[in-house]
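Only one structure is covered here, and it is reproduced in the block below.
There are 2 protein chains.
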Amino acid sequence: MTLSRLILGLLSLAPMTGYELKKHFDATVNHFWSADKAQIYRTLAALVKDGFCVAETVQQDGLPSKQVHRITEHGRAALLEWLETESSPDAERNAFLGRVFFAGQLDKEQLHKLFDRRRETARNYLASLQEQLAASPAANPGEALFFQLATLRNGIRHVKAELEWLADIEKELV
Amino acid sequence: MTLSRLILGLLSLAPMTGYELKKHFDATVNHFWSADKAQIYRTLAALVKDGFCVAETVQQDGLPSKQVHRITEHGRAALLEWLETESSPDAERNAFLGRVFFAGQLDKEQLHKLFDRRRETARNYLASLQEQLAASPAANPGEALFFQLATLRNGIRHVKAELEWLADIEKELV
DNA sequence: ATCTACTAGTGGACTTGTCAACTAGTAGAT
DNA sequence: ATCTACTAGTTGACAAGTCCACTAGTAGAT
Chain A
183 MTLSRLILGL LSLAPMTGYE LKKHFDATVN HFWSADKAQI YRTLAALVKD
233 GFCVAETVQQ DGLPSKQVHR ITEHGRAALL EWLETESSPD AERNAFLGRV
283 FFAGQLDKEQ LHKLFDRRRE TARNYLASLQ EQLAASPAAN PGEALFFQLA
333 TLRNGIRHVK AELEWLADIE KELV
Chain B
183 MTLSRLILGL LSLAPMTGYE LKKHFDATVN HFWSADKAQI YRTLAALVKD
233 GFCVAETVQQ DGLPSKQVHR ITEHGRAALL EWLETESSPD AERNAFLGRV
283 FFAGQLDKEQ LHKLFDRRRE TARNYLASLQ EQLAASPAAN PGEALFFQLA
333 TLRNGIRHVK AELEWLADIE KELV
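Chains as they are written, first to last, in the working numbering: chain A, 183 to 356; chain B, 183 to 356.
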């Protein structure tokens, strides 16, 4: 459901191929929803079958032909309906916290490795999110770009929270 | 993988039935990993098949008979190995942020509904996590309970970050 | 000359997780 | 007397997502 609506959302901004959708996912959506390309192509086929978008094959010279997908009125309606419905909170899935939960069974060295690695990835991730944000033009509150950047800022807030938590825990563990 | 190791983790604390595992998941693991009971029973069967735990049927009077699962040495080794391996960061999956990403297409009323609902659920969730934490006895850094509570404190940090982010965004949107 | 990456997409196998129904006895509430 | 919840577990169908291999031409790098 979510993937199909996110695809409709991207198609509502511009007609696109599955290949381009994958690029957009990796570049701007990845921090809250990642998508496998096989999954994208299959979902796209389902959207066409449901009449939410239409595909047009475009021949190119020197490159493989491509299928440009365009959202339909029906598709726009489905997107809007989804935007307006309450999102049941996604189940948290955090394997790292699973390791922490049982970390009493680790020796000191492994314990510090666990937290150190987490801190490292969090720091790198924070840097990449901040770069993305800095690379974007400024947005006025309310316009489309503002909301897209808002999701980035959400990610940044959360990674910072993670780093603060790590600092707390590591301090207590001396 | 993760579910099977979390089950092994719980079994490493005490032998248990699938039914009890489900209770433990709902009570203490849910904030970072939720588990469906069908999934628990199937994973448990796989763990037995792999020799990571053994099942013993216990007859009860007045109640259905139950299968108590006990972790084996082999299972403890598998758990430890998992604890020591690096967790590849779980893909973020946040349908709410998906709605935010395209929220430029909503009218003012729907927009505020989107954020208001999120704030409400976040507040309630925060309260429930804090209650859980307050209801726990104090833990000394390094002991098993400390790490279990650390996962709760992680959740609290993150929900607070979410609320701060919401306040930022709502302020900017006037 | 070979290797890699990019463009554009397809197909199969597989894992993980979700939902709902079903069995069956006990105990408490209305 | 009926309804609901608890205990304990099983099964089937399905949805969603992942991984890998494959096609096939172009262009740049070593």
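Virtual Cβ for every residue (Gly too), placed ideally from N, Cα, C. Note that the structure is a prediction, hence the values are computed from the model and not measured.
Expressed to the nearest angstrom, what Euclidean distance is found between the alpha-carbon atoms of residue i and residue j?
i, j, result
"L296 (chain A)", "E268 (chain B)", "7 Å"
"F207 (chain B)", "Q241 (chain A)", "54 Å"
"L315 (chain A)", "T239 (chain A)", "35 Å"
"R224 (chain B)", "E346 (chain A)", "38 Å"
"T199 (chain A)", "K219 (chain A)", "11 Å"
"A259 (chain B)", "R187 (chain B)", "11 Å"
"A321 (chain A)", "E313 (chain A)", "16 Å"
"F214 (chain A)", "Q330 (chain A)", "11 Å"
"K262 (chain B)", "P323 (chain B)", "Inspection of the sequence shows that residue 262 (chain B) is occupied by Leu rather than by Lys. About 20 Å."
"A237 (chain B)", "V230 (chain B)", "7 Å"
"L288 (chain A)", "V356 (chain A)", "16 Å"
"L226 (chain A)", "S216 (chain A)", "15 Å"
"E344 (chain A)", "E352 (chain A)", "12 Å"
"V211 (chain B)", "N336 (chain B)", "12 Å"
"L265 (chain B)", "L265 (chain A)", "39 Å"
"E354 (chain A)", "A228 (chain B)", "38 Å"
"Y201 (chain A)", "F284 (chain B)", "21 Å"
"L311 (chain A)", "D350 (chain B)", "18 Å"
"S318 (chain B)", "P319 (chain A)", "47 Å"
Please look up how many angstroms separate the CB atoms of residue i and residue j, rounded, as I've assumed it's under 8 Å.
i, j, result
"L195 (chain A)", "Q221 (chain A)", "Not quite, the Cβ-Cβ distance comes to about 20 Å (not below 8 Å), so this is no contact."
"L190 (chain A)", "L203 (chain A)", "That belief does not hold up - the Cβ atoms of L190 (chain A) and L203 (chain A) are roughly 11 Å apart, past 8 Å."
"A332 (chain B)", "V341 (chain A)", "That pair is no contact at about 18 Å."
"T254 (chain B)", "G286 (chain B)", "Their Cβ separation, rounded to whole angstroms, is 56 Å, which puts T254 (chain B) and G286 (chain B) out of contact at 8 Å."
"A309 (chain A)", "L348 (chain A)", "With a Cβ gap of about 16 Å, A309 (chain A) and L348 (chain A) do not count as contacting."
Taking Cβ positions only, does residue i come closer than 9 Å to chain B?
i, result
"E274 (chain A)", "yes"
"F207 (chain A)", "no"
"I351 (chain A)", "yes"
"A316 (chain A)", "no"
"R281 (chain A)", "yes"
"P358 (chain A)", "Nothing in the structure corresponds to residue 358 (chain A), since chain A is present only between 183 and 356."
"K295 (chain A)", "yes"
"L327 (chain A)", "yes"
"P271 (chain A)", "yes"
"A332 (chain A)", "yes"
If you measure from the beta carbon of residue i to each beta carbon in chain A, is any gap under 9 Å?
i, result
"E202 (chain B)", "no"
"G257 (chain B)", "no"
"Y307 (chain B)", "yes"
"H340 (chain B)", "yes"
"V236 (chain B)", "no"
"S310 (chain B)", "no"
"E344 (chain B)", "yes"
Should residue i be labelled buried (16 or more other beta-carbon atoms within 10 Å of its own) or exposed?
i, result
"E291 (chain B)", "exposed"
"R339 (chain A)", "buried"
"N306 (chain A)", "exposed"
"H256 (chain B)", "exposed"
"L334 (chain B)", "buried"
"E325 (chain A)", "exposed"
"L293 (chain B)", "buried"
"L245 (chain A)", "exposed"
Q. Do the region 267–283 of chain A and the region 270–289 of chain B meet, that is, are 3 or more Cβ pairs less than 8 Å apart?
A. yes
Q | contact_flag[the region 293–312 of chain A, the region 234–252 of chain B] where n(CB pairs < 8 Å) is 3 or more | A | no
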